[in-house]
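Student: Read left to right, the sequence shown gives residues 110 to 283 (this note's numbering).
Where a beta carbon is used, it is the ideal one built from N, C-alpha and C, also for glycine.
Input: one structure, supplied below.
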Amino acid sequence: MSKNKSVQVSSFLSNEVIERKIYLVRGKKVMLDRDLAELYAVETGNLNKAVARNLERFPEEFMFQLNPQEFKNLIFQFGRSSWGGTRKPPRVFSDYGILMLSSVLNSQRAIQVNLQIMRTFIRLREMLITHKDLQKKIQVMEKRYDKKFMVVFNAIKVLLDKANGDTGKRRFDL
């Protein structure tokens, strides 16, 4: 594969594009089958057929189907018109399931997209670890200092939540 194709995929597929497609469901960061299909430039049905032919590669911690309540919340979050015509709950894939997709979808684009998605998941993990360390330090400082500094600590927490992308808009975990 030429280096140019690799650059084309990663340039249109920024971390921000991928991050907007990551949801928190059942306490796991996952991506929807339709979003992955869009990134891979395949039909959602074809992606799901490839998965169905290889179900043994996708245990529950790699991929699962949303239950009716989760699906209902998802439709509510997107609005019916933007969700499209599907009436069947989508499959969602954890980072490990997305890695497994690269062995099922055997195209150069799938390889490049998977690499970019994995880089994004790694970056999110690193950010989370960094923020957890900061939060622990703040908690220790809160215990040491009196209530005069509570306003400062609360402002820092709000900033950390925003930096974490924790706006609450992209979550529908139950």
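With respect to the beta strand (DSSP E) encompassing residue 137, which residues constitute its N-terminal and C-terminal limits?
Tutor: 137-141
Student: Taking residue 206 as the reference, give the member of 141, 242 and 136 with the closest Cα.
Tutor: Checked all of 141, 242 and 136; the closest Cα to residue 206 is 141.
Student: Have a look at residue 229 and residue 127 and give me their C-alpha separation to the nearest angstrom.
Tutor: 7 Å
Student: With a threshold of 7 Å on Cβ separation, who are the neighbours of residue 270 within its own chain once the five nearest residues in sequence on each side are excluded?
Tutor: Excluding positions up to five away in sequence, the list is empty.
Student: Between the Cα of residue 218 and the Cα atoms of 151, 124, 130 and 144, which residue gives the shortest distance?
Tutor: 151
Student: Who pairs with residue 236 in a beta bridge, going by DSSP?
Tutor: The partner list for residue 236 (beta bridge, DSSP) is empty, contrary to what the question assumes.
Student: Is it right to say residue 123 is buried, meaning 16 or more other beta carbons lie within 10 angstroms of its own, or is it exposed?
Tutor: exposed
Student: Restricting to Cα atoms, I'd like to know which of 136, 156, 134 and 137 is closest to residue 144.
Tutor: Measuring from the Cα of residue 144, the nearest candidate turns out to be 156.
Student: Provide the residue(s) that pair with residue 226 in DSSP beta bridges, ordered along the chain.
Tutor: In DSSP, residue 226 forms no bridge with anything.
Student: Under DSSP, the alpha helix (DSSP H) around residue 133 begins and ends at which residues?
Tutor: Taken as a continuous stretch (DSSP letters only), residue 133 belongs to no alpha helix (DSSP H), being part of the beta strand (DSSP E) at 131-134.
Student: For residue 211 and residue 243, what's the separation of their Cα atoms in angstroms?
Tutor: 35 Å
Student: For residue 164, is the classification buried or exposed, using 16 other Cβ atoms within 10 angstroms of its Cβ as the cut-off for buried?
Tutor: That one is exposed.
Student: Among 146, 208 and 184, which residue has its Cα nearest to the Cα of residue 170?
Tutor: For the options 146, 208 and 184, the alpha carbon positioned closest to that of residue 170 is the one of 208.
Student: Using a threshold of 8 Å, state whether the C-beta atoms of residue 160 and residue 200 are closer than that.
Tutor: Between residue 160 and residue 200, the CB-CB gap stays under 8 Å.
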